[in-house]
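Trainee: First the structure, then my questions, so here it is.
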Amino acid sequence: MSHIVDTMFPPEAEDRGGAATPLLAVNGLVKHFKAKNAVVRAVDGVDFHVAKGETLGIVGESGCGKSTIARLIMQIIAPDSGTLLFDGEPVGSAALPLGDFRKKVQMVFQDSYASLNPRMTVEDTIAFGPRVHGLSHKAAVTRAHDLLHRVGLEPSRFAGRYPHEISGGQRQRINIARGLSLEPRLLILDEAVSALDKSVEAQVLNLLLDLKDEFGLTYIFISHDLNVVRFMSDRVMVMYLGKVAEIGSSEPIFKKPRHPYTEALLASMPSMDPDNRTQEAPITGDPPNPINPPPGCRFHTRCKFVSAICANAEPVLHDVGGGQSAACHLANPQSGHPRLAAAA
Amino acid sequence: MLLYTLKRILYVTPVALGVSVIVFLLVHIAPGDPLTSIMPIDATAEQQAEMRAAYGFDKPLAVQYGIWLWKVLHADLGNSIATGRPVLADVSRAVGNSLILASVSTLIGFTFGTFFGFVAGYFQNSPLDKIASLLSVIGVSVPHYWLGMVLVIIFSAQLGWLPPTGAGPDGSGNWRPDPEHLRYLILPAITMSVIPMGIISRTVRALVADILAQEFIQALRAKGLSEWGVFKHVVTNAAPTALAVMGLQLGYLLGGSVLVETVFAWPGTGFLLNAAIFQRDLPLLQGTILVLAMFFVFLNLLVDVLQTALDPRIQRS
Amino acid sequence: MAAIADAGIFVPVKASRGYWASVAHRLIRDPLAMTAAAIVLIIILAAIFAPWVAPADPYKASMIRRLRPVGTPGYLLGADELGRDMLSRLIYGGRLSIFMGVMPVLLAFGIGSGIGIFAGYVGGRINALLMRTIDIFFAFPSVLLAIALSGALGAGITNSIVSLTVVFTPQIARVAEAVTTQIRTRDYVEAARVSGAGPFTIVRVHVLGNVLGPIFVYATSLISVSMILASGLSFLGLGTKPPEPEWGLMLNTLRTAIYNQPLVAALPGLMIFITSLSFNIFSDGLRSAMDVKQ
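So the sequence lines, in the order shown, correspond to chains A, B and C. Heads up: the first sequence runs through residues 1 to 344, numbered per the numbering used here. Heads up: the second sequence runs through residues 345 to 661, numbered per the numbering used here. Heads up: the third sequence runs through residues 662 to 955, numbered per the numbering used here.
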């Protein structure tokens, strides 16, 4: 890499709040979309934080609000309510204007083709952000070449190409390079590898891990693929119909899920072990419509432990220890769920 | 369905109002005083002001519009400046003649257009398709007023088979459905049918090609449905759109017949417009355009509602 | 870096070609479109260099040579009702006919794209308001609107260009709005927004390059209609005034000659037809050259 000019700043220079302050703290995030004669509760009161240097995975079925959360954090769409704190400072305040925030948080989209301007060369696409932020053309192009090299694409062969001339895996590398071009501290990966072939997916995931170490990045990794999330994440957030079902460190959640929905998701994971294959579908039916989510616990229409309380009272996130919280009456000993009484 | 119709009518109202504003303003973008043509040359300033007041031109524009609209809503389009006759009477007579010409032309255009379109869509990329496509591009590229002249040259001047101008042998202003009058209709109707023919043929070709490429047709074929059965499916699926295009074309022809009517001296709205423009008869111009535009607006509404009623695939939300 | 392995696999050997270069490449291989382009080019060049190309003065009348047939010595395409050389008048006529046909489309392309892209990019209520206003113009068939405006404004080249511009602007604005609305929600536009670019930069860099192509193709398809309408206005006496050579006006003044010299009388219309047809065929070729999924 000696012939490539290093154009990136050391990341630790910007740390303001100290190691204990979460890089991103999300509080009470709500977004409802108006459809015809109806309201879609895409994100309905979500709190979480992302610590510096960690990867938070977000999983859930399609329509659960994962991508809306990404777009809300990126300020592509405005939330109905809720606050974002970035490194301890409110986003959009005098201390952290939107423009500054945008440089620090970037996103990689799912569709590698739709997210690249078909009329722009690879080099121009990557250099666009730095140009907007005042870098000279020459410096921006130098940085683009540097980044191309870092994502494993030889600049001399790829800089002048158009998106339709390269493969999906290569395009996603370019999207990653574009995401890194503003030296962000947080990178949101919204289903970033979902459209790729399995072999290419593994290469891109390894690249993401390498880049994380190299640049000291923090990731929010959104995917419906639990295997991939487990491989990438330090902590995991499980979403169901616009709400957090369960959140916590990766290991305990995958080993001992406390929410029946997480359990069902895990049970539906394809296993490599033939003796351990699921015999019946652990979860059936499509998720209920986010236009009219069921009352009480939103999962109660598909839950095998459902009881009367689930349809009446909405469970809140309850800390079950070990950094794990679940929004299920069964996780809270005081909830009065009949199964708890039977077990006691 | 009723709700949908009401919604469409509700939506059309502001458009109709907008149309009336534009038509009203036409007189006011016209250079010079609209009364110049009837004002005595030696009129004094007082006489001019008097005249202006008599026609209401001294009031603010918005008030003039209000008065004008009120009269229009009571079927009063004013009097022609040139003849003094009520505009509405002249326009209604002309609309009748234009409607006959436009309907017959649309029918001819629709018949040949669907035929060419079907052939081209069924035998895509064959020589037949190429010929049909060429015919349709010629149809939309030919200056129809010139085509009219060429037809007159061939069938009237050279062969002497058909009369070159007018709507009937007596030179009277009205077309009647008898064999003698029919001869007068042939040339202008063929001339005007060329545009809808090109457009309908393009539409039908695309529709047929689209339907034939769909999976349900292939499934029907796989099940052993005869070609005749497939054809019937294609027709029922293409008909609503093709009919809608035909309806719209009728509107375009009715409003767009000025040039052809001028070539053939056909006593329709186009002829009337031409006269109004050259005599600077602004009330007549205003009235004719308003009637034609409103006709077009309501024809659009009708086509839209009918198409929705006929085609189950269109959502009525 | 191990990841470089997959990077090398699918690199095409041929040189990179930008979008417009590949459109041009495909267009050149379309014989029909190229023929049409050549015809348009010849007519335009002949019109521009008319003083050098035309055999005679298009205004010079001669009472004794009125209405000569095609092929008369010295009058290759005959003489018109005032004894003027038809060939020369047809060559000169291209100047005004093409100018009056193309100019409104160019103006409408500028104004309509501006309105449509603005409405499409801004979206929301402003978009709805602009588009509903534009709907009103669609309540008039093009021919009627053109004639109504020209008729009200009075005859003249400028008035006829203004009327036709008013006719075509809403049509182009509607297309521009539709394309822009589509592009606006593309991920790459959102990516540009999250990289902190302002609306003007985004429109300039990311929107224009992707919407102007389709709008342009649509505009080229209007040139044919515009030519027919512009000459039609002159044919009605609403465009140019005699003795200017203009195809529509020539067609009108030669109407009386359909019995004596039918071929001569039909020539100006043939020119309109050929030009309009060529523009249409070229526009179709351009559309299919651009309509390739990449």
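Note that CB positions come from ideal geometry on N, CA and C, so glycine has one too. Given the structure is predicted, the values throughout are model-derived calculations rather than measurements.
Go through its chain and collect everything with a Cβ distance to Gln170(A)'s Cβ below 8 angstroms, but skip five positions before and after it.
Mentor: Against the first sequence, residue 170(A) aligns to sequence position 170. Closer than 8 angstroms at the Cβ level, and outside the excluded window around Gln170(A), lie Leu153 and Phe158.
Trainee: Chain C beta carbons: is any one of them nearer than 7 angstroms to that of Ile220(A)?
Mentor: Taking the first residue of the first sequence as 1, we reach residue 220(A) at position 220. For Ile220(A), the answer is no, since every Cβ of chain C falls outside 7 angstroms of its Cβ.
Trainee: Compare the C-alpha of Leu894(C) against each of Gly732(C), Glu742(C) and Met761(C) and name the closest.
Mentor: The residue given as residue 894(C) occupies position 233 in the third sequence. Closest option to Leu894(C), Cα to Cα, is Met761(C).
Trainee: Which residues of chain C have a Cβ atom closer than 9 angstroms to the Cβ of Gly362(B), listed in chain order?
Mentor: Numbered from 1 along the second sequence, position 18 holds the residue referred to as residue 362(B). Simply Arg793, Thr794, Asp796, Ile797, Phe798 and Ala800.
Trainee: Using a threshold of 7 angstroms, state whether the C-beta atoms of Val604(B) and Thr509(B) are closer than that.
Mentor: Here the question's residue 604(B) lines up with position 260 in the second sequence. Here the question's residue 509(B) lines up with position 165 in the second sequence. Against a cut-off of 7 angstroms, the Cβ pair of Thr509(B) and Val604(B) comes out as no contact.
Trainee: Per DSSP, what kind of secondary structure is Glu907(C) in: helix, strand or coil?
Mentor: The residue you call residue 907(C) lines up with position 246 of the third sequence. Coil at Glu907(C), not helix or strand.
Trainee: Compare the beta carbon distance of Leu748(C) and Leu738(C) with 7 angstroms and say whether it is the shorter of the two.
Mentor: For the purposes of this step, residue 748(C) is taken as residue 87 along the third sequence, with counting starting at 1. For the purposes of this step, residue 738(C) is taken as residue 77 along the third sequence, with counting starting at 1. Going by C-beta atoms, Leu748(C) is nearer than 7 angstroms to Leu738(C).
Trainee: How many angstroms separate the CA atom of Val701(C) from the CA atom of Met724(C)?
Mentor: Within the third sequence, the letter at position 40 stands for residue 701(C). Within the third sequence, the letter at position 63 stands for residue 724(C). Rounded to the nearest angstrom, the two C-alpha atoms are 34 angstroms apart.
Trainee: So the beta strand (DSSP E) Leu268(A) belongs to, where does it begin and stop?
Mentor: Residue mapping note: residue 268(A) aligns to position 268 of the first sequence, counting from 1. At residue 268(A) the sequence reads Ser, which differs from the Leu that was named. It is not in any beta strand (DSSP E) - Ser268(A) carries neither H nor E in the DSSP assignment.
Trainee: Ignoring anything shorter than 3 residues, give me the beta strand (DSSP E) runs that lie fully in the segment 95-150 of chain A, in order along the chain.
Mentor: Whole beta strand (DSSP E) segments, 3+ residues: 105-108.
Trainee: Buried or exposed, going by whether 16 or more other CB atoms sit within 10 Å of the CB of Lys34(A)?
Mentor: Taking the first residue of the first sequence as position 1, residue 34(A) is located at position 34. Classification for Lys34(A): exposed.
Trainee: Measure the C-alpha to C-alpha separation of Ser821(C) and Tyr753(C) and round it to an integer number of angstroms.
Mentor: Position 160 of the third sequence holds residue 821(C). Position 92 of the third sequence holds residue 753(C). Cα to Cα, Ser821(C) sits roughly 19 angstroms from Tyr753(C).
Trainee: Within 10 Å of its beta-carbon, does Ser485(B) have 16 or more other beta-carbons around it, so buried, or fewer, so exposed?
Mentor: By 1-based counting over the second sequence, the position of residue 485(B) is 141. Ser485(B) should be labelled buried.
Trainee: Going by DSSP in three states, Val674(C) sits in which element: helix, strand or coil?
Mentor: Sequence index remark: in the third sequence, residue 674(C) carries index 13 (1-based). Here the model assigns Val674(C) a pLDDT of 43, short of 50, so the residue's position is not dependable and the matter cannot be decided.
Trainee: Quick one: residues in its chain with C-beta nearer than 7 angstroms to the C-beta of Ala374(B), no 5 flanking neighbours on either side, listed in chain order?
Mentor: By 1-based counting over the second sequence, the position of residue 374(B) is 30. The answer, listed in chain order, is Leu626.
Trainee: Please list, in chain order, the residues of the segment 473-490 of chain B that have any C-beta partner in chain C closer than 7 angstroms.
Mentor: Cβ contacts with chain C come from Val481, Ile482, Val484, Ser485, Val486, Pro487, Tyr489 and Trp490.
Trainee: Determine the burial state of Pro155(A): buried for a count of at least 16 other Cβ atoms within 10 Å of its Cβ, exposed for fewer.
Mentor: By one-based count along the first sequence, residue 155(A) stands at place 155. By the 10 Å Cβ count, Pro155(A) comes out buried.
Trainee: Name, in chain order, the residues that DSSP records as bridge partners for Asp968(C).
Mentor: Residue 968(C) is absent from the structure shown; chain C starts at 662 and stops at 955.
Trainee: Checking the sheet assignment: what are the DSSP bridge partners for Gly321(A)?
Mentor: Here residue 321(A) refers to the residue found at position 321 when the first sequence is read from its first residue. Answer is Gln324(A).
Trainee: Since Val872(C) is in the alpha helix (DSSP H), which residue starts that stretch and which ends it?
Mentor: As a first step, residue 872(C) must be located in the third sequence, where it is residue number 211. Start and end: Leu869 to Leu897.
Trainee: When you compare only the Cα positions, how much space is there between Val363(B) and Ala839(C)?
Mentor: The sequence position of residue 363(B) within the second sequence is 19, counting from 1. The sequence position of residue 839(C) within the third sequence is 178, counting from 1. Roughly 23 angstroms between the two C-alpha positions.
Trainee: Within 7 angstroms (strictly less), CB to CB, does Phe101(A) reach chain C?
Mentor: Here residue 101(A) is taken as the residue at index 101 of the first sequence, counted from 1. It does not: the Cβ of Phe101(A) has no partner Cβ on chain C nearer than 7 angstroms.
Trainee: Which residues in chain B sit within 8 angstroms of Ile933(C), going by Cβ to Cβ distance?
Mentor: By 1-based counting over the third sequence, the position of residue 933(C) is 272. Under the 8 angstroms cutoff, chain B gives Pro487 and Trp490.
Trainee: Evaluate Pro985(C) with the Cβ neighbour count: other Cβ atoms within 10 Å of its Cβ, from every protein chain shown; 16 or more gives buried, anything less gives exposed.
Mentor: The requested residue 985(C) does not occur in the structure, where chain C is confined to residues 662 to 955.
Trainee: Looking at the structure shown, is Arg854(C) part of a helix, part of a strand, or coil, going by DSSP?
Mentor: Taking the first residue of the third sequence as position 1, residue 854(C) is located at position 193. The answer is helix: DSSP assigns Arg854(C) an H, G or I state.
Trainee: Is any beta-carbon of chain C found at less than 7 angstroms from that of Tyr596(B)?
Mentor: As a working mapping, residue 596(B) is identified with position 252 in the second sequence. True, the Cβ-Cβ gap to chain C drops below 7 angstroms.
Trainee: What in chain C is Cβ-close to Ala374(B), meaning under 9 angstroms?
Mentor: As a working mapping, residue 374(B) is identified with position 30 in the second sequence. The contacting residues are Gly812, Ala813, Leu814 and Gly815.
Trainee: Alpha carbons only, please: which of Arg546(B), Val574(B), Lys576(B) and Gly440(B) is nearest the one belonging to Asn518(B)?
Mentor: Within the second sequence, the letter at position 174 stands for residue 518(B). It is Gly440(B) whose Cα lies nearest to the Cα of Asn518(B).
Trainee: Just reading off the beta strand (DSSP E) that Thr901(C) is part of, what are its end residues?
Mentor: Here residue 901(C) corresponds to residue number 240 of the third sequence, with the count starting at 1. Premise fails: Thr901(C) is in no beta strand (DSSP E) and is neither H nor E.
Trainee: I need the straight-line Cα distance from His224(A) to Glu263(A), nearest angstrom please.
Mentor: As a working note, residue 224(A) is residue 224 in the first sequence. As a working note, residue 263(A) is residue 263 in the first sequence. Using only the alpha carbons, I get a separation of about 15 angstroms.
Trainee: Could you tell me which residues DSSP puts in a beta bridge with Thr733(C)?
Mentor: Taking the third sequence and counting its residues from 1, one reaches residue 733(C) at position 72. DSSP lists Tyr736(C) as partners of Thr733(C).
Trainee: What residues in its chain sit with their C-beta under 6 angstroms from that of Glu201(A), if we drop five residues either side in the sequence?
Mentor: Indexing the first sequence from 1 puts residue 201(A) at position 201. Only Val193 meet the Cβ criterion.
Trainee: Leaving out five residues on either side along the sequence, give the residues of the same chain with a beta carbon under 7 angstroms from the beta carbon of Ile889(C).
Mentor: Locating residue 889(C) in the third sequence gives position 228, where the first residue counts as 1. Excluding residues within five positions, the ones whose Cβ falls inside 7 angstroms are Ile933 and Ser937.
Trainee: Is Val229(A) buried or exposed, if buried means 16 or more other CB atoms sit within 10 Å of its CB?
Mentor: Taking the first sequence and counting its residues from 1, the one referred to as residue 229(A) is at position 229. The residue is buried, with at least 16 neighbouring Cβ atoms inside 10 Å.
Trainee: Relative to the alpha-carbon of Val607(B), which residue among Val866(C), Arg690(C) and Leu912(C) has its alpha-carbon at the smallest distance?
Mentor: Translated into the one-based positions of the second sequence, residue 607(B) becomes position 263. Comparing Cα-Cα distances from Val607(B) to each of Val866(C), Arg690(C) and Leu912(C), the minimum goes to Leu912(C).
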